[in-house]
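Okay, structure first, notes after.
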Amino acid sequence: MSSLTIHASSHDYEVIIEEGIRHELLNYIASDYRKVLVITDDKVSNIYLDDVVRGLGKELDVHTSIVPSGESSKSMRQYERLLDACVEVQLDRHSLILALGGGMIGDLVGFVASTYLRGIDFIQMPTTILAHDSSVGGKVAINHLKGKNLIGSFYNPVKVIYDTETLFTLPAEEIRSGYGEVIKHAFLSSEEWCSNLLQVSLDNISSEQIKDDLMKGIKVKAGIVESDEREKGIRRYLNLGHTLAHAVESELGYGKITHGEAVGIGLWFALRVSQRKLDASLPVDRYRDWLKSNHYPFDILKDLEVDTLLKRMKWDKKTVHQKINYVLLNQIGTPCVVELSDQEIQTDLNLFIKEVRAT
Ligand SMILES: NC(=O)c1ccc[n+]([C@@H]2O[C@H](COP(=O)([O-])OP(=O)(O)OC[C@H]3O[C@@H](n4cnc5c(N)ncnc54)[C@H](O)[C@@H]3O)[C@@H](O)[C@H]2O)c1
Ligand SMILES: [Zn+2]
């Protein structure tokens, strides 16, 4: 078992990573809860809900609620439905909500837990690789028709319990998606970890490697959010690769590409810009080859227009006064925020799209 304590301003909480831990959940949950509501999505419920309910034992009063899988469930409608479920099963301050699923479930359920009775305890049980990123740091949210994560709060779980055995049922694109954020954490922190990852083939990655990468990724994220919980300064570094990723996701329409795959591609762009603007020495060609050999879907960028992407990037919420603040790398492990002019971005994007078309 690997574990790590995260120091949030509200409380410390533990992240536990272990294969098969869902079968013995009760051992990891404080004994004073009377009632538990497990919330999950309809894909995850088919595979893991029975195990989790059994893992909670017979003594607890356990209830379940299931939402449709997919980003569209991070909605007012499902939020309201889940609050109804909380009221119906009469959750009180001695109750616990368990969020079983990927980042969608973590964000939605965390937001329910943060507002029901002005906040009751919740535990994150991530079932995707990407959720190593979303389950720590305390950001919980639902989407508004006008934009992602517009309604939310900062609310930390009382624990994160990661059963890595559940990751083996993930489809290939969700493994790529998770590794988009993993490799971002590697570029933010360690040359050695980066070169190790650049030799990994996601088609036959070992369980040991996944466990190791999740723990490393969580450590990087925790280190950053512990010193800047509310994104006033260095938490912005976690947006490495995200400005282009968000533009691509919204231009293609959500669901056409997974978030982490878009981040993986956005990171390629950020590395190229870092080379040009900061003269940074970075393994960009090796990274591009890694994306290609692991089938990141950058083909869909080939038809996108530079001007439209630029417009989308300027609408991204990290834009201050219409200039684009870009997270770049001076070198691996040394991020910085640089303001780029439209002209610069346009030139870089043109070169980048050309490179994508030629790859
Ligand atoms: N709060 C944060 O800091 C933060 C950070 C990054 C991302 N996010 C949010 O996370 C969400 C994306 O998370 P995600 O990529 O985990 O998506 P997701 O939760 O939608 O899961 C992706 C797909 O995989 C399925 N799935 C989940 N676990 C599975 C398993 N073990 N086996 C088989 N299928 C499984 C789901 O049903 C879904 O279809 C977005 O809403 C994003 O905004 C939040
Ligand atoms: Zn992300």
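Take the sequence shown: its position 270, counted from the start at 1, is 270 in UniProt numbering, and no numbers get skipped. Note that CB positions come from ideal geometry on N, CA and C, so glycine has one too.
Between which two residues does the beta strand (DSSP E) harbouring Ile66 extend?
Here residue 66 refers to the residue found at position 66 when the sequence shown is read from its first residue. Where Ile66 is concerned, the enclosing beta strand (DSSP E) stretches over 61–67.
By how many angstroms is the C-alpha of Tyr287 removed from the C-alpha of Ser293?
Locating residue 293 in the sequence shown gives position 293, where the first residue counts as 1. Locating residue 287 in the sequence shown gives position 287, where the first residue counts as 1. Between Ser293 and Tyr287, the C-alpha separation is close to 10 Å.
Test item: CB-CB of Val112 and Val225 under 9 Å
Within the sequence shown, residue 112 is the residue found at index 112, counting from 1. Within the sequence shown, residue 225 is the residue found at index 225, counting from 1. No, Cβ-Cβ distance for Val112 and Val225 is not below 9 Å.
For a test of the three-state rule: what should DSSP assign to Gln346, helix, strand or coil?
Here residue 346 corresponds to residue number 346 of the sequence shown, with the count starting at 1. Three-state result, Gln346: helix.
Alpha carbon to alpha carbon, what distance is there between Met1 and Phe266?
Indexing the sequence shown from 1 puts residue 266 at position 266. Indexing the sequence shown from 1 puts residue 1 at position 1. Phe is not the amino acid found at residue 266; the sequence shown has Gly there. Cα to Cα, Gly266 sits roughly 33 Å from Met1.
My understanding is that Thr64 touches Leu49, with C-beta atoms under 8 Å, so please give their C-beta distance in whole angstroms.
On the sequence shown, residue 64 is found 64 positions in, with the first residue counted as 1. On the sequence shown, residue 49 is found 49 positions in, with the first residue counted as 1. The beta carbons of Thr64 and Leu49 sit about 6 Å from each other, so the pair counts as a contact at 8 Å.
Might you give, ordered along the chain, the residues of its own chain that have their beta carbon closer than 7 Å to the beta carbon of Ser10, omitting 5 neighbours on each side?
Within the sequence shown, numbered from 1, the residue matching residue 10 stands at position 10. Excluding five sequence positions before and after Ser10, the CB atoms of its chain that fall closer than 7 Å to its own CB belong to Asn156, given in chain order.
Determine the DSSP secondary structure at Asn330, reduced to helix, strand or coil.
As a working mapping, residue 330 is identified with position 330 in the sequence shown. It is a strand residue.
Roughly how many angstroms lie between the CA atoms of Asn330 and Asn149, to the nearest whole one?
Reading the sequence shown from its first residue, position 330 is the one you call residue 330. Reading the sequence shown from its first residue, position 149 is the one you call residue 149. Near 30 Å, if we compare the C-alpha coordinates of Asn149 and Asn330.
Does DSSP put Gly353 in a helix, a strand or coil?
The sequence position of residue 353 within the sequence shown is 353, counting from 1. The sequence given here places Ile at residue 353; Gly does not occur at that position. DSSP places Ile353 within a helical segment (H, G or I) once states are collapsed to three.
Identity of the residues DSSP links to Glu173 by a beta bridge:
As a first step, residue 173 must be located in the sequence shown, where it is residue number 173. Bridge partners of Glu173: none, in fact.
Length of the line joining the Cα atoms of Phe154 and Arg118:
Sequence index remark: in the sequence shown, residue 154 carries index 154 (1-based). Sequence index remark: in the sequence shown, residue 118 carries index 118 (1-based). So the two alpha carbons sit approximately 13 Å from each other.
CB of Asp133 to nearest heavy atom of ligand 2: below 8 Å?
For the purposes of this step, residue 133 is identified with residue 133 of the sequence shown, where counting begins at 1. Within the cutoff, so yes.
Nearest-angstrom Cα separation, counted from Asn325 out to Asp203
One-based indexing of the sequence shown puts residue 203 at position 203. One-based indexing of the sequence shown puts residue 325 at position 325. Roughly 35 Å between the two C-alpha positions.
Range of the contiguous beta strand (DSSP E) that encloses Glu191:
Position 191 of the sequence shown, counting from 1, holds the residue named residue 191. That residue, Glu191, is in no beta strand (DSSP E); its alpha helix (DSSP H) goes 191–197.
Provide the residue(s) that pair with Tyr162 in DSSP beta bridges, ordered along the chain.
Mapped onto the sequence shown, residue 162 falls at position 162. DSSP lists Ile17 as partners of Tyr162.
So is the beta-carbon of Gly260 under 8 Å away from any non-hydrogen atom of ligand 2?
Position 260 of the sequence shown holds residue 260. Because some heavy atom of ligand 2 lies under 8 Å away, the Cβ of Gly260 counts as near it: yes.
Who are the Cβ neighbours of Val273 in its own chain at under 7 Å, not counting the five residues just before and after it?
The sequence position of residue 273 within the sequence shown is 273, counting from 1. Excluding positions up to five away in sequence, the list reads Tyr326, Leu328, Asp348.
Where Lys35 sits in the DSSP three-state scheme:
Position 35 of the sequence shown, counting from 1, holds the residue named residue 35. In the structure shown, Lys35 sits in a strand (DSSP, three-state: E or B).
Using a 10 Å radius around the Cβ and a threshold of 16 neighbouring Cβ atoms, would you call Pro126 buried or exposed?
Position 126 of the sequence shown, counting from 1, holds the residue named residue 126. It is buried - the Cβ of Pro126 has at least 16 other Cβ atoms within 10 Å.
Check this for me: beta carbons of Arg176 and Gly264, under 9 Å apart or not?
Taking the first residue of the sequence shown as position 1, residue 176 is located at position 176. Taking the first residue of the sequence shown as position 1, residue 264 is located at position 264. Result yes, Cβ atoms of Arg176 and Gly264 sit closer than 9 Å.
Between Leu130 and Gly253, which are expected to be in contact by the criterion C-beta below 8 Å, what is the C-beta distance as a whole number of angstroms?
Along the sequence shown, read from residue 1 onward, the residue named residue 130 stands at position 130. Along the sequence shown, read from residue 1 onward, the residue named residue 253 stands at position 253. Their Cβ separation, rounded to whole angstroms, is 19 Å, which puts Leu130 and Gly253 out of contact at 8 Å.
Please confirm whether any heavy atom of ligand 2 lies closer than 8 Å to the CB of Val220.
Residue 220 sits at position 220 when you count from the first residue of the sequence shown. Val220 Cβ: outside cutoff for every heavy atom of ligand 2.
Kindly indicate which residue of Cys336, Ser189, Arg235, Ser227 has the alpha-carbon position closest to the one of Lys216.
As a first step, residue 216 is located in the sequence shown; it is residue number 216 there, counting from the start. Residue Ser189 is the option with its Cα nearest to Lys216.
From Ser45, Leu37, Met313, Ala280, pick the residue whose C-alpha is nearest to that of Glu88; which is it?
As a first step, residue 88 is located in the sequence shown; it is residue number 88 there, counting from the start. Cα-wise, what sits closest to Glu88 is Leu37.
Drop a sphere of 10 angstroms on the beta-carbon of Ala99, count the other beta-carbons inside from all chains shown, and report buried for 16 or more, exposed for fewer.
The residue labelled residue 99 in the question sits at position 99 within the sequence shown. With 16 or more Cβ atoms within 10 Å of its Cβ, Ala99 is classed as buried.
Under 9 Å between the Cβ atoms of Leu26 and Gly57?
Position 26 of the sequence shown, counted from the start, is the residue given in the question as residue 26. Position 57 of the sequence shown, counted from the start, is the residue given in the question as residue 57. Yes, these two residues count as a Cβ contact at 9 Å.
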